[in-house]
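Take a look at the structure below.
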Amino acid sequence: MPDGTVSWRHLWDETAVLHGRPQARWLCEEASGAFGDEFHGVLAEPATERQVAHLDAMLLRLQGGEPLQYVLGHWSFRTLDLLVDRRVLIPRPETEWVAGAAIDAVRDLLRESGERPFVVADLGTGSGAIGLSVAAELPRGSVEVWLTDVALDALDVARANAAGLGMAAAGVRFGHGPWFAALPQRLQGTLALVVSNPPYIAHDDERVEQSVREWEPAGALFATDNGLADVRTIAEGAAEWLRPGGRLVLEIGSGQGLAVCELLLGAGLVDVEVRPDLAGHDRLALGRREN
Ligand SMILES: C[S@@+](CC[C@H](N)C(=O)[O-])C[C@H]1O[C@@H](n2cnc3c(N)ncnc32)[C@H](O)[C@@H]1O
Numbered sequence: 401m402p403d404g405t406v407s408w409r410h411l412w413d414e415t416a417v418l419h420g421r422p423q424a425r426w427l428c429e430e431a432s433g434a435f436g437d438e439f440h441g442v443l444a445e446p447a448t449e450r451q452v453a454h455l456d457a458m459l460l461r462l463q464g465g466e467p468l469q470y471v472l473g474h475w476s477f478r479t480l481d482l483l484v485d486r487r488v489l490i491p492r493p494e495t496e497w498v499a500g501a502a503i504d505a506v507r508d509l510l511r512e513s514g515e516r517p518f519v520v521a522d523l524g525t526g527s528g529a530i531g532l533s534v535a536a537e538l539p540r541g542s543v544e545v546w547l548t549d550v551a552l553d554a555l556d557v558a559r560a561n562a563a564g565l566g567m568a569a570a571g572v573r574f575g576h577g578p579w580f581a582a583l584p585q586r587l588q589g590t591l592a593l594v595v596s597n598p599p600y601i602a603h604d605d606e607r608v609e610q611s612v613r614e615w616e617p618a619g620a621l622f623a624t625d626n627g628l629a630d631v632r633t634i635a636e637g638a639a640e641w642l643r644p645g646g647r648l649v650l651e652i653g654s655g656q657g658l659a660v661c662e663l664l665l666g667a668g669l670v671d672v673e674v675r676p677d678l679a680g681h682d683r684l685a686l687g688r689r690e691n
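Just so we're aligned: the sequence shown equals residues 401 to 691 in my numbering.
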C-alpha cells in the first residue's frame with residue numbers, strides 16, 4: 401500500500417505461509433475484529449498499527465507452542481462461542497457429540513412427561529461447554545442446569561460463558577466442589593440427567609500430546625486407577641442422585657468401555673451402553689436409574 405501500511409489480504413497470505421489458510425484466517429479475523437463475511441469486506445483495507453501488533457502478539461504465542469484456541473481466547477462448541485483460556489480444557493469435537501447425546505436424553509424425558517423443569521447436572525463443567533449447550537438448545541424453562549467444578553477458576557470461566565448466553569442461561573446454576581458434593585443436598589434423587597466429561601486419562605498414558613500436557617490443566621485430564629477413579633465416583637453417586645428413570649451420560653476414554661460398563665452395572669444402573677465415536681473408539685457411556 402502507498403503509505404507503508406499493509407492490507408488484510410496481504411497479512412492473511414503472509415500468515416498462511418506458516419500457519420495454513422484456515423488458521424491464518426481465524427487469526428486475522430481476531431486481530432481485525434471482522435468475522436465471517438465481514439472479513440471479506442475488509443480484505444482490501446489497511447490494518448492499523450494496533451491490529452498488526454495484536455496479530456504479531458498472537459503469532460508469538462503460537463510460536464511458543466500455545467494452542468490456537470487459547471491464543472484466540474474463544475472457540476466454537478455446537479451453537480456456542482465459548483471463552484476459553486488456560487483455566488479450562490479446550491472443548492473437543494467428540495464432546496460436542498456427547499453433549500448431543502445428553503440433549504437427546506432430556507428431549508426423550510420431556511416427551512414422556514409434562515413436568516417442568518427437569519434438573520440436569522453437568523459435573524466437571526470446565527468452560528461450561530456441555531451444560532450451557534443443554535441450556536441453550538432445549539426449550540426455555542424446560543431445564544434447570546447445574547454447572548459444577550472442583551476448580552474455582554474453571555467455574556469463573558463457565559460463569560462468564562453463561563453471562564454471554566443472556567436469557568438462555570436463566571435456568572443455569574453453579575456449584576463448587578468435588579462431583580456430587582457440589583450440589584445442594586435437596587437435589588439428591590431428583591436429577592433427570594447427570595452428564596460429565598471427567599478426567600479419564602491415566603497418568604502414564606504416552607499417547608497424550610506434548611502441547612496438551614504442557615498447556616491444558618492437569619486436573620482436567622488425568623485420573624488415578626488407570627484413568628477410571630473419577631468415572632467410578634460419578635457412577636457410584638449416580639444411582640443415589642438421579643431420579644427414578646433419570647439418565648447418566650459420560651464421556652469416556654478409548655478402551656475403557658468394558659470397565660465403565662462394569663462400573664455402571666455395579667452401581668445398579670440399567671440400560672447400560674457404550675457407543676464408539678466416529679474413529680471407532682469407546683467414547684460415550686450411558687445408563688439409567690430404574691423407574
Ligand atoms: C475433561 S475436563 C471437562 C471440561 C468440560 N466439561 C468439557 O467437556 O470441555 C474435566 C473437568 O472436571 C473438573 N474436575 C476434576 N476433578 C474434579 C472433581 N474431583 N470434582 C469436580 N470436578 C472435577 C476439572 O476441573 C475439569 O474442568
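Just so you know, even glycine gets a beta-carbon here, dropped at the ideal spot from N, CA and C. Nothing here was measured: the structure is a model prediction, and the numbers come from that model.
- Excluding residues up to 5 positions away in sequence, PHE477 and ARG478 lie with their Cβ nearer than 7 Å to the Cβ of GLU496 in the same chain.
- The residues TRP412, in chain order, have a CB closer than 8 Å to that of ARG421 in the same chain once the five nearest residues on each side in sequence are set aside.
- Of the candidates SER596, LEU658, SER542 and ASP556, the residue whose Cα lies closest to the Cα of LEU509 is SER542.
- The Cβ atoms of ALA623 and TYR600 sit closer than 7 Å to each other.
- Cβ neighbours of LEU555 within its own chain (closer than 7 Å, five residues either side excluded): ASP549, PHE574 and HIS576.
- Judged by the Cβ position, ILE601 fails to qualify as a neighbour of ligand 1 at the 6 Å threshold, every heavy atom of the ligand being at least this far.
- Counting of Cβ neighbours within 10 angstroms places PRO467 among the buried residues, the total reaching 16 or more.
- In the three-state reduction of the DSSP assignment, ASP682 falls in the strand class, which pools E and B.
- The residues ALA667, in chain order, have a CB closer than 6 Å to that of GLU636 in the same chain once the five nearest residues on each side in sequence are set aside.
- Looking only at ASN626, GLN656, VAL674 and ARG559, the smallest Cα-Cα distance to LEU648 is reached by VAL674.
- Cβ neighbours of GLU537 within its own chain (closer than 8 Å, five residues either side excluded): ARG478, THR479 and ILE503.
- When DSSP reads this structure, ILE601 sits in a beta bridge with PHE622.
- For ASP485, there is no enclosing alpha helix (DSSP H), as DSSP marks it with neither H nor E.
- DSSP places LEU443 in the coil class of the three-state scheme, outside both helix and strand.
- CA-CA distance, LEU684 to GLU690, rounds to 20 Å.
- Here THR548 is bridged, per DSSP, to LEU523 and GLY575.
- For TRP475, the Cβ stays outside the 6 Å cut-off from all heavy atoms of ligand 1.
- Here the region 643-657 lies against the region 580-594, with 3 or more beta-carbon pairs under 8 Å apart.
- The residues TRP412, THR415 and ALA416, in chain order, have a CB closer than 6 Å to that of ALA424 in the same chain once the five nearest residues on each side in sequence are set aside.
- By the C-beta criterion, the region 580-591 is judged not to be in contact with the region 561-568, since fewer than 3 inter-stretch pairs fall below 8 Å.
- Counting C-beta atoms within 10 angstroms of its own C-beta, ARG487 has 16 or more neighbours from the protein chains shown and is therefore classed as buried.
- A Cβ-Cβ distance of about 11 Å is found for the pair TRP408 and GLU438, leaving them out of contact under the 8 Å criterion.
- Annotated as proximal: ASP677 and GLU494, with beta-carbon spacing under 7 Å.
- LEU648 is bridged by DSSP to VAL594 and GLY687.
- Here ALA618 is exposed. Its C-beta has fewer than 16 other C-beta atoms within 10 Å.
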